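Undergrad: Dropping a structure here in structure tokens format, bear with me for questions.
Protein chains: 2
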Amino acid sequence: MSRKRITSKELAELVGVSSATISRAFSPDARIGEETRSRILAAARKYGYQPNAIARSLNNQRSRLVAVVVNAIGNPCEAEEQQLLVHALQARQLLPIILCCGDHSDRLQLMRLAATYQVDHVVIFSDMVSLRDAVDIFPTTKPIIVSFEPLENEDVSTIRIDGAAAADEIVDKLVADGKRRFTYLSGTSSSWIDKLRRTWFADALARRGLAFVADATGTYTYDSGFKEAVPLVHRSKTDAIICGNDVMAIGARDAVKRVLGKSAPEDVAIVGQDGIAMASWDCNDLTTLSLDHIAFINAVVELIERHEAGDDKPDTITLTCSTRWGATA
Amino acid sequence: MSRKRITSKELAELVGVSSATISRAFSPDARIGEETRSRILAAARKYGYQPNAIARSLNNQRSRLVAVVVNAIGNPCEAEEQQLLVHALQARQLLPIILCCGDHSDRLQLMRLAATYQVDHVVIFSDMVSLRDAVDIFPTTKPIIVSFEPLENEDVSTIRIDGAAAADEIVDKLVADGKRRFTYLSGTSSSWIDKLRRTWFADALARRGLAFVADATGTYTYDSGFKEAVPLVHRSKTDAIICGNDVMAIGARDAVKRVLGKSAPEDVAIVGQDGIAMASWDCNDLTTLSLDHIAFINAVVELIERHEAGDDKPDTITLTCSTRWGATA
DNA sequence: CCCGTTTGTGCAAACGTGTACACGCCCGCG
DNA sequence: CGCGGGCGTGTACACGTTTGCACAAACGGG
């Protein structure tokens with residue numbers, strides 16, 4: 454029922470020690486008498502004292518805050534990863550500050566705001582922010598860039614995703630099934646990752662003397678997948694749509710079935726990317742170029758731990774994608 | 454390229470003023486010469502100075518951090534709301550700290566950790582934490598409880614959800630369609646919200662002289678919806694399953710169709726709750742008791758703004774649910 | 001010309017910790 | 001008995017801001 458939070462000096466008064474001793478009682482490896490410590494901890498519990506993390510951060514120069522830059526929270530693929538990351542951070546007593554760099558918000562200003570909070574680590578999932586901006590907004594904490602445009606000369610840690618082999622497998626199967634008129638439904642025009650993903654498939658096609666016969670651009674959402682698929686099938690007579698993510702693939706499949714009255718994969722094969730849980734639901738059963746989200750976040754966490762231990766040497770971890778076969782291709 | 458962040462005293466040295474003047478240059482309504490301010494801002498840009506928010510928070514007693522307690526990030530319903538809330542907070546220069554109170558993490562300890570950061574506001578979406586715990590972990594910042602068990606004597610702001618009327622509409626239609634053997638598939642046994650939702654439908658049934666013929670409990674996930682639906686249909690011969698959320702409803706529908714070889718809604722009607730975007734996808738087209746997520750978050754934001762303005766008077770906002778009709782009922 | 005008011009700036013004290021340093025004490029060894 | 005050393009604790013400063021107070025200069029009206 455106490456309105457005001459009690460401070461270490463006040464607790465010291467109550468226990469009859471100095472505030473320094475209070476502090477020592479809360480750091481596990483400090484020189485302090487065992488009896489004193491337990492007396493302090495008991496009093497702390499009684500009066501509801503907890504050390505002020507803001508003050509500690511100011512003193513320590515370590516905030517134990519982590520800025521996590523994402524495009525959106527609703528997007529299922531990102532959501533799965535965010536969930537895993539947040540749990541991993543919490544288990545290490547780190548608190549995540551989510552920066553949602555949607556279209557509406559000013560990305561740079563948002564990151565600058567977070568930077569003033571002296572975050573210990575920065576994890577950038579969004580590739581809407583440029584590497585240059587990231588490093589000069591967070592000059593002191595080297596950001597961890599997640600599958601970003603490779604700029605060799607900048608010394609930041611990155612995680613690369615390699616889907617070339619999986620894309621090759623998928624194209625192999627589709628070609629064997631007689632597909633020839635491939636199209637690519639991208640999720641955004643401005644993202645480097647999106648271009649990279651397309652490249653995996655484009656290369657696989659090129660190896661067989663094929664190329665995309667048409668392209669379309671959506672917004673990584675179900676609705677955009679649905680809408681963009683229609684002209685692709687109509688105009689370019691595509692018989693295989695490679696989608697930038699799973700959600701768009703589901704939208705595209707629905708459009709193919711309901712609006713166009715065709716079947717998948719017989720008339721038009723649909724391929725997704727990400728390997729989100731929803732893709733394997735019975736009603737979707739998507740063929741998708743999938744990423745091991747656990748391994749992915751484990752990699753991020755490993756970089757954070759290394760960083761936490763004071764190792765500033767940047768590193769790059771590469772993960773390869775696998776294929777999940779479903780009913781749509 | 455500067456490794457260390459520059460401090461206000463150092464910048465003061467460079468400009469030839471005192472550190473107090475630096476501070477004033479950054480607060481819009483402070484007494485400071487216009488020429489001095491612009492000189493300081495120019496230097497700040499040049500040397501990359503930004504006021505340290507941690508130090509400011511310590512001085513101000515206001516951190517501009519908001520603890521957001523959620524059950525999970527992956528869950529689509531929560532994700533949509535989180536997305537809206539995070540955007541609203543960011544627009545007000547508030548930073549969200551997400552506390553993910555999944556099954557694995559120690560909820561209380563996590564909340565205590567966040568409390569040490571002196572968060573300005575607390576928004577509790579999860580009903581896995583008790584009101585008592587919430588108020589004594591955050592004694593100084595009154596939490597905003599989102600649709601929580603109504604404890605009249607505690608003075609916290611809450612947002613109530615009322616779905617009685619919508620449930621009545623839905624039951625009305627189902628009974629008219631000849632359904633009699635209703636079952637309820639809940640998402641968890643321990644949540645008060647879950648019980649409340651069931652009550653809406655139970656009351657509507659009672660008004661027509663009916664009652665649930667069986668109950669099952671899942672985990673708010675697709676898989677659990679899928680798994681739990683099977684015995685419900687088999688053993689209790691249900692012809693209408695009311696599900697605790699939309700994701701479970703989709704799982705239940707898939708089970709009814711694929712595993713049991715029945716059709717929805719002809720053999721078994723399926724009803725969801727939440728009204729997530731996915732529910733209206735063409736492949737789902739769920740009938741669901743839906744909540745206006747925009748209005749919901751607007752209510753939360755209004756409470757936060759009132760709180761931010763120093764108004765500590767607790768308030769309760771009630772929102773009523775509507776019905777979204779789909780192909781499953 | 002004088003005095004009251006405004007304007008711009010510096011000084012110093014908070015805010016609540018962590019921790020280096022110093023100091024007193026007790027123990028044990030020579 | 002003297003002395004070195006470990007142990008437990010207090011004192012004081014630093015962390016980087018904000019802000020009340022003081023003060024000098026400029027200014028304007030009588």
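Residue numbers (the working numbering), protein chains in the order written: chain A, 454 to 782; chain B, 454 to 782.
By construction, the Cβ of each residue, glycine as well, lies at the ideal position given by its N, Cα and C atoms.
Everything numeric in this text was worked out from a predicted model, so none of it was measured.
Hey, is B:Ala-653's beta-carbon within less than 7 Å of any beta-carbon in chain A?
TA: Walking along the second sequence from the start, residue 653 of chain B turns up at place 200. A small correction: the amino acid at residue 653 of chain B is Trp; Ala does not occupy that position in the sequence shown. Judged by the 7 Å Cβ criterion, B:Trp-653 is not in contact with chain A.
Undergrad: Using a Cβ-Cβ cutoff of less than 7 Å, which residues in the same chain neighbour A:Gln-726 once the five nearest sequence positions on both sides are dropped?
TA: Sequence index remark: in the first sequence, residue 726 of chain A carries index 273 (1-based). Close CB contacts of A:Gln-726 within its chain, under the 7 Å cut and outside five residues either way in sequence, are with Arg-650, Cys-696, Gly-697, Asn-698, Asp-699, Thr-741, Leu-742 (chain order).
Undergrad: Please classify B:Ala-693: is it buried, with 16 or more other beta-carbons within 10 angstroms of its beta-carbon, or exposed?
TA: Within the second sequence, numbered from 1, the residue matching residue 693 of chain B stands at position 240. B:Ala-693 is buried by the Cβ-count criterion.
Undergrad: Would B:Ser-510 pass as an interface residue toward chain A - the criterion being a Cβ-Cβ separation below 7 Å?
TA: Here residue 510 of chain B refers to the residue found at position 57 when the second sequence is read from its first residue. Cβ-Cβ to chain A under 7 Å: yes for B:Ser-510.
Undergrad: Could you give the uninterrupted runs of the alpha helix (DSSP H) lying entirely in the segment 512-599 of chain A, keeping only those of 4 residues or more?
TA: 529-544, 560-569, 584-590
Undergrad: Please compile the residues from chain A whose C-beta is within a distance smaller than 7 Å of the C-beta of B:Thr-569.
TA: Along the second sequence, read from residue 1 onward, the residue named residue 569 of chain B stands at position 116. What B:Thr-569 touches in chain A: Gln-503, Pro-504, Asn-505, Ala-506.
Undergrad: Give a yes or no on whether 7 Å exceeds the smallest Cβ distance from A:Tyr-500 to chain B.
TA: Indexing the first sequence from 1 puts residue 500 of chain A at position 47. No, A:Tyr-500 lies away from the interface with chain B (no Cβ there is under 7 Å from its Cβ).
Undergrad: For A:Ile-475, does the count of other Cβ atoms within 10 angstroms reach 16, so buried, or fall short, so exposed?
TA: The count along the first sequence starts at 1 and reaches residue 475 of chain A at position 22. Buried, since its Cβ has 16 or more Cβ neighbours within 10 Å.
Undergrad: Could you tell me the distance, in whole angstroms, from the CA atom of B:Val-599 to the CA atom of B:Val-753?
TA: As a first step, residue 599 of chain B must be located in the second sequence, where it is residue number 146. As a first step, residue 753 of chain B must be located in the second sequence, where it is residue number 300. Cα to Cα, the separation comes out at about 8 Å.
Undergrad: How many Å lie between B:Thr-769 and B:Lys-632 at the Cα?
TA: For the purposes of this step, residue 769 of chain B is taken as residue 316 along the second sequence, with counting starting at 1. For the purposes of this step, residue 632 of chain B is taken as residue 179 along the second sequence, with counting starting at 1. C-alpha separation (whole angstroms): 37 Å.
Undergrad: What did DSSP end up calling A:Ser-443 once you bin it into helix, strand or coil?
TA: Here chain A has residues from 454 to 782 only, and residue 443 of chain A is not among them.
Undergrad: Hey, quick one: how far does the beta strand (DSSP E) through A:Ile-614 stretch, first residue to last?
TA: Mapped onto the first sequence, residue 614 of chain A falls at position 161. It spans 610-615 - the beta strand (DSSP E) in which A:Ile-614 sits, taken as one unbroken run.
Undergrad: Using a Cβ cut-off of 8 Å, pull out every chain A residue sitting near B:Arg-711, in sequence order please.
TA: The residue given as residue 711 of chain B occupies position 258 in the second sequence. The contacting residues are Asp-735.
Undergrad: Can you grab the Cα-Cα spacing for the pair A:Thr-593 / A:Arg-484, in whole Å?
TA: Against the first sequence, residue 593 of chain A aligns to sequence position 140. Against the first sequence, residue 484 of chain A aligns to sequence position 31. Cα-Cα distance, rounded: 32 Å.
Undergrad: For B:Ser-510, which option in B:Gly-527, B:Gln-536, B:Gln-535, B:Leu-548 has the closest C-alpha, if you only look at C-alpha atoms?
TA: The count along the second sequence starts at 1 and reaches residue 510 of chain B at position 57. It is B:Leu-548 whose Cα lies nearest to the Cα of B:Ser-510.
Undergrad: For A:Met-731, I'd like the list of residues in its chain whose CB is within less than 7 Å of its CB, leaving aside the five on either flank, ordered along the chain.
TA: Reading the first sequence from its first residue, position 278 is the one you call residue 731 of chain A. Counting only Cβ-Cβ distances below 7 Å, and skipping sequence neighbours, we find Pro-529, Asp-699, Asn-737.
Undergrad: Given a cut-off of 7 Å on the beta-carbon distance, is the pair A:Thr-460 and B:Ala-506 in contact?
TA: Here residue 460 of chain A refers to the residue found at position 7 when the first sequence is read from its first residue. Here residue 506 of chain B refers to the residue found at position 53 when the second sequence is read from its first residue. No.
Undergrad: Going by Cα to Cα distance, which pick from B:Arg-688, B:Thr-641, B:Val-683, B:Val-628 is closest to B:Gly-662?
TA: Here residue 662 of chain B is taken as the residue at index 209 of the second sequence, counted from 1. B:Gly-662 has its Cα closest to that of B:Val-628, out of B:Arg-688, B:Thr-641, B:Val-683, B:Val-628.
Undergrad: Just mark A:Gln-536 as buried or exposed, buried being the case when its beta carbon has 16 or more other beta carbons within 10 Å.
TA: The sequence position of residue 536 of chain A within the first sequence is 83, counting from 1. By the 10 Å Cβ count, A:Gln-536 comes out buried.
Undergrad: When the Cα atoms are used, what is the spatial distance from A:Trp-653 to A:Lys-595?
TA: Within the first sequence, numbered from 1, the residue matching residue 653 of chain A stands at position 200. Within the first sequence, numbered from 1, the residue matching residue 595 of chain A stands at position 142. A:Trp-653 and A:Lys-595: Cα-Cα distance of roughly 29 Å.
Undergrad: Nearest to A:Ala-544 by CA position, among A:Gly-779, A:Glu-758, A:Lys-766, is which residue?
TA: The residue labelled residue 544 of chain A in the question sits at position 91 within the first sequence. The candidate whose alpha carbon is nearest that of A:Ala-544 is A:Glu-758.
Undergrad: Taking a Cβ distance cut-off of 8 Å, strictly less, list which residues of the segment 519-545 of chain B are near chain A, in chain order.
TA: Ala-525, Ile-526, Gly-527, Pro-529, Ala-532, Glu-533, Gln-535, Gln-536, Val-539, His-540, Gln-543, Ala-544
Undergrad: Count the other C-beta atoms from every protein chain shown that fall within 10 angstroms of the C-beta of B:Glu-466, then say buried if there are 16 or more, exposed otherwise.
TA: Position 13 of the second sequence, counting from 1, holds the residue named residue 466 of chain B. So B:Glu-466 counts as exposed.
Undergrad: Residue range of the alpha helix (DSSP H) that B:Ser-785 falls in?
TA: Residue 785 of chain B falls outside the range modelled here, since chain B spans only 454 to 782, and no answer is possible.
Undergrad: How would you call A:Arg-515, buried or exposed, if buried means at least 16 neighbouring beta carbons within 10 angstroms?
TA: Counting from one through the first sequence, the residue named residue 515 of chain A turns up at place 62. Label assigned to A:Arg-515: exposed.
Undergrad: Compare the beta carbon distance of A:Arg-490 and A:Ala-473 with 7 Å and say whether it is the shorter of the two.
TA: The sequence position of residue 490 of chain A within the first sequence is 37, counting from 1. The sequence position of residue 473 of chain A within the first sequence is 20, counting from 1. It is not a contact, given that the beta carbons lie outside the stated cut-off.
Undergrad: Less than 7 Å between the C-beta atoms of B:Tyr-673 and B:Gly-704, yes or no?
TA: On the second sequence, position 220 is the one that residue 673 of chain B refers to. On the second sequence, position 251 is the one that residue 704 of chain B refers to. Contact flag unset, no.
Undergrad: Helix, strand or coil for B:Ile-507? Go by DSSP, reduced to three states.
TA: Here residue 507 of chain B refers to the residue found at position 54 of the second sequence. B:Ile-507 sits in a helix when the DSSP states are folded into three classes.
Undergrad: Since A:Arg-853 is in the alpha helix (DSSP H), which residue starts that stretch and which ends it?
TA: The shown model of chain A, from 454 to 782, leaves out residue 853 of chain A, and the question about it has no answer.
Undergrad: Would DSSP call B:Ala-722 helix, strand or coil?
TA: For the purposes of this step, residue 722 of chain B is taken as residue 269 along the second sequence, with counting starting at 1. Correct three-state label for B:Ala-722: strand.
Undergrad: Where are the beta strand (DSSP E) runs, 3 residues long or more, that stay fully inside the segment 662-715 of chain A, in chain order?
TA: 667-670, 693-696
Undergrad: Kindly list, in the order they appear in chain A, the residues whose Cβ is closer than 7 Å to that of B:Gly-555.
TA: Along the second sequence, one-based indexing puts residue 555 of chain B at 102. Result: His-540.
Undergrad: Please list the residues of the segment 582-595 of chain B that have a C-beta atom closer than 8 Å to any C-beta atom in chain A, keeping them in chain order.
TA: Flagged, chain order: Asp-589, Pro-592, Thr-593.
Undergrad: With which residues is B:Ser-472 paired in a DSSP beta bridge?
TA: On the second sequence, position 19 is the one that residue 472 of chain B refers to. For B:Ser-472, which the question treats as bridged, DSSP gives no partner whatsoever.
Undergrad: First and last residue of the alpha helix (DSSP H) that includes B:Leu-649?
TA: For the purposes of this step, residue 649 of chain B is taken as residue 196 along the second sequence, with counting starting at 1. Unbroken alpha helix (DSSP H) run through B:Leu-649: 645-659.
Undergrad: Using a Cβ cut-off of 7 Å (strictly closer), state whether B:Pro-718 contacts chain A.
TA: By one-based count along the second sequence, residue 718 of chain B stands at place 265. Taking Cβ atoms only, chain A never reaches closer than 7 Å to B:Pro-718, which makes this a no.
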